Amino acid sequence: VKLFRSKIQLQKNAAYIFSGSYESVINDLFISSHSPFYRFARVIKLRSIAKNPFKKYLINVFSNLGIKINDDSLDFILNFTGGHPYYTQLICQQIELGFSSKNPILKSQIVDFIESAMWVEINYIEKLWEELTRSKENIPVLLTLAKSQRGLYSEIETKKINVARALKRLQVSGIVEKIDKYHQITDPLFLYWIKRNILGFDKTECV
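So my numbering is basically just the index in the sequence shown, starting at one, shifted up by 319.
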């Protein structure tokens, strides 16, 4: 990192964009006072794409593909992904690959395409679970968050588990974030997988 900074300092009339999916890495680079890049850049946190413009875009995409899909089905997809660009694209790709009927796609059919998307990402998801669960404190926190955003501390025996420490660790890794008063798992397919494969929910209960 020090060498990189020294090279950049020699450049003139150049602008740089640093992008990354791990918030902790970005913070270490640009917010930590010990980093060579301390306050070198303005940190912009990208949020999920807003529902209405994303929905309009998807309507055009499906129309160009000749696939009929109603508003309820599109709302169902976007509510599940929360506007996550990659997962929304992945689920729509599964629809394109797997839907052959001339009838409109029903809301009830979307769950099957979410399930297909999960299997596309299964290697990443299982590896992520393996890494996170090396710390035993993470397991009850992740499982409790998967079941409900509320009552995290009341559901876990805090005498045995340091919930605050586990939450901080998961937040630093970008797996959990706090929205309003509640913590939630940020990755919708990872959350689906936990419900489906660890908690044993039926697929209709996972969305």
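Cβ atoms here follow ideal geometry from the backbone N, Cα and C, with glycine treated the same way.
Every value quoted in this text rests on a predicted model; they were computed, and no experiment measured them.
Residue i (DSSP reduced to helix, strand or coil)
i: GLN330; result: coil
i: GLU496; result: strand
i: TYR341; result: coil
i: TYR406; result: helix
i: TYR335; result: coil
i: ILE504; result: strand
i: ILE475; result: coil
i: ILE396; result: helix
i: ILE350; result: coil
i: ILE414; result: helix
Per-residue burial, residue i [other beta carbons within 10 Å of its own, 16 or more giving buried]
i: TYR406; result: buried
i: PHE381; result: buried
i: GLU456; result: buried
i: PRO404; result: exposed
i: THR523; result: exposed
i: VAL320; result: exposed
Among the options, the one whose alpha carbon lies nearest that of residue i
i: VAL439; options: HIS353, ILE410, PHE356, PHE399; result: ILE410
i: GLY339; options: LYS364, SER354, ALA333; result: LYS364
i: VAL362; options: LEU416, ILE350, ASN371, SER392; result: ILE350
i: LYS421; options: ASN379, SER325, LEU384; result: LEU384
i: ASP390; options: ILE429, GLU474, ASN516, GLN503; result: ILE429
i: LYS446; options: PHE509, PHE373, VAL460; result: PHE509
i: SER343; options: HIS502, PHE395, GLU496, VAL491; result: VAL491
Inter-residue Cα distance where the pair is residue i and residue j
i: PHE356; j: LYS487; result: 24 Å
i: TYR511; j: LYS426; result: 17 Å
i: SER419; j: LEU518; result: 33 Å
i: LEU489; j: LYS514; result: 18 Å
i: SER454; j: LEU471; result: 18 Å
i: ALA334; j: CYS525; result: 44 Å
i: LEU416; j: GLU434; result: 14 Å
i: LEU329; j: HIS353; result: 21 Å
i: ILE494; j: THR505; result: 6 Å
i: ARG324; j: ASN346; result: 16 Å
i: ASN398; j: PHE520; result: 19 Å
i: THR452; j: PHE432; result: 28 Å
i: LEU322; j: SER392; result: 51 Å
i: ILE336; j: ARG366; result: 17 Å
i: ILE475; j: PHE373; result: 38 Å
i: PRO459; j: TYR443; result: 21 Å
i: THR463; j: GLY401; result: 20 Å
i: ILE414; j: LYS387; result: 11 Å
i: ILE424; j: ILE480; result: 45 Å
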